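Notes for the one structure printed next.
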Amino acid sequence: MLPPPTEERWRQIALKFEEICKFPNCIGAVDGKHVVIQAPKNSGSQFFNYKKTFSTVLMALVDAECNFIAVDVGGFGRHSDGGIFAHSNLGKALETGRFNVPGPSALPGTNAEAPYVVVGDQAFPLKNYLMRPYPGENLPREKEVFNMRLTKARRVVENAFGILAQKFRIYNRRIHADPDNVDNMVMATCILHNFIKMHDRKSFRVPLDSGSRGSVESSGGIQNLPLQGGNASQQAFQTRELFKEYFNSAIGMIPIQQRAVPLVPPRR
1218 MLPPPTEERW RQIALKFEEI CKFPNCIGAV DGKHVVIQAP KNSGSQFFNY
1268 KKTFSTVLMA LVDAECNFIA VDVGGFGRHS DGGIFAHSNL GKALETGRFN
1318 VPGPSALPGT NAEAPYVVVG DQAFPLKNYL MRPYPGENLP REKEVFNMRL
1368 TKARRVVENA FGILAQKFRI YNRRIHADPD NVDNMVMATC ILHNFIKMHD
1418 RKSFRVPLDS GSRGSVESSG GIQNLPLQGG NASQQAFQTR ELFKEYFNSA
1468 IGMIPIQQRA VPLVPPRR
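Note that the sequence shown covers residues 1218 to 1485 in our numbering.
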């Protein structure tokens, strides 16, 4: 994994998420991908995933500017459901507090303290440090607003994966190499992604329509993770409610949510 940021760096990352993505107290967007590889010799089913291909897992945390903050490569493709995130070093570091994340901070314009969180899609479990969308259809408007705001913040990780697949052609097809070498190659592309992006911003183009979960599928060598289980704690539910209430308040709302999630007049 990449070296974890300091507490001050986490705060700077959170300020960028607030500025760019309008999601305060957010320190990263998380997602994972199966990187398709040639069937390793004598590996049995360890690398065989739910899509019936052989793969290693790339789990990443990305900042608001599509830089990789933390990268974990090398999980077995066979891990499914909650196993992928739970078994990853990234998931363990977040779960055990090894990332030096600052303590709770007041949401802008309020006295309500909220923890610093990462955002993920429906594939990830709800945790006090990991916000995911409200499930279901025809949700109350307040929940739709929360989901819209979370999706806006989460999109940066899909953008980062899309850029990665565009820049490095090894992701266009299955990788023919020993698993250990594949892990090193994938880690190297993530480090180079950050380096090139810092020194040659013009060469980076965010893929169109990259907000959907399937946006990187066309690269062939990268596949989405399956949905992951996990029982959420009461504290995690309360944290999500806190952000929901803030996003629907006069202080926390943004103009775009009025257009994206219009008010529905009461039936007469």
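Glycine included, every Cβ here is placed at the ideal spot set by N, Cα and C.
Predicted model, so just to flag it, every value in this text is computed and none were measured.
Linking Leu1324 to Ala1331 through their CA atoms gives a straight-line distance of about 6 Å. The beta-bridge partner set that DSSP reports for Phe1363 is empty.
Contact check for Ala1310 and Leu1219: beta-carbon distance about 11 Å, past the 8 Å limit, so the pair fails to qualify.
Lys1250 sits in a strand when the DSSP states are folded into three classes.
One alpha carbon belongs to Ala1467, the other to Asp1338, and they sit about 26 Å apart. Contact between the segment 1274-1286 and the segment 1247-1256 is present: 3 or more CB-CB pairs across the two stretches fall below 8 Å. Per the Cβ contact rule, the segment 1396-1414 is not in contact with the segment 1360-1374 (fewer than 3 Cβ pairs under 8 Å). Tyr1333 sits away from Pro1352, with the two beta carbons spaced by 8 Å or more. Per DSSP, the unbroken alpha helix (DSSP H) holding Thr1406 starts and ends at Pro1396 to His1416.
Cβ-Cβ distances below 8 Å link Glu1236 to Ala1281 in the same chain, with the five nearest sequence neighbours on each side left out; the list follows chain order. Asp1289 counts as buried, since at least 16 other C-beta atoms from the protein chains shown sit within 10 angstroms of its C-beta. Per the coordinates, the alpha-carbon of Phe1316 lies some 18 Å from the alpha-carbon of Lys1233.
Residues Ala1331, Pro1332, Val1334, Asn1345 and Met1348 of the same chain have their beta carbon placed closer than 8 Å to that of Thr1456, with the five preceding and five following residues left out of the count. Secondary structure at Cys1238: helix, using DSSP grouped into helix, strand and coil. About 7 Å separates the beta carbon of Ile1392 from that of Val1252, a gap short enough to meet the 8 Å contact definition.
In this structure, DSSP gives Ala1287 an extended state, which the three-state scheme calls strand. Residue nearest to Arg1476 within the set Ala1256, Val1362, Thr1313 and Glu1354 is Val1362 (criterion: CA-CA distance). By DSSP's assignment, Met1276 forms a beta bridge with Gly1249 and Asp1289. About 7 Å separates the beta carbons of Pro1396 and Ile1254, which is inside the 8 Å limit, making them a contact pair. Judged by their CB atoms, Asn1398 and Cys1283 are not nearer to each other than the 8 Å cut-off.
The beta carbon of Ile1471 sits closer than 6 Å to those of Lys1239, all from its chain and outside the five residues before and after it, given in chain order.
In the structure shown, Ala1340 adopts coil according to DSSP, grouped into three states. Non-local C-beta neighbours of Arg1228 in its own chain, meaning closer than 7 Å and more than five positions away in sequence, comprise Pro1319, ordered along the chain. The three-state reading of DSSP puts Phe1271 in strand, counting E and B together.
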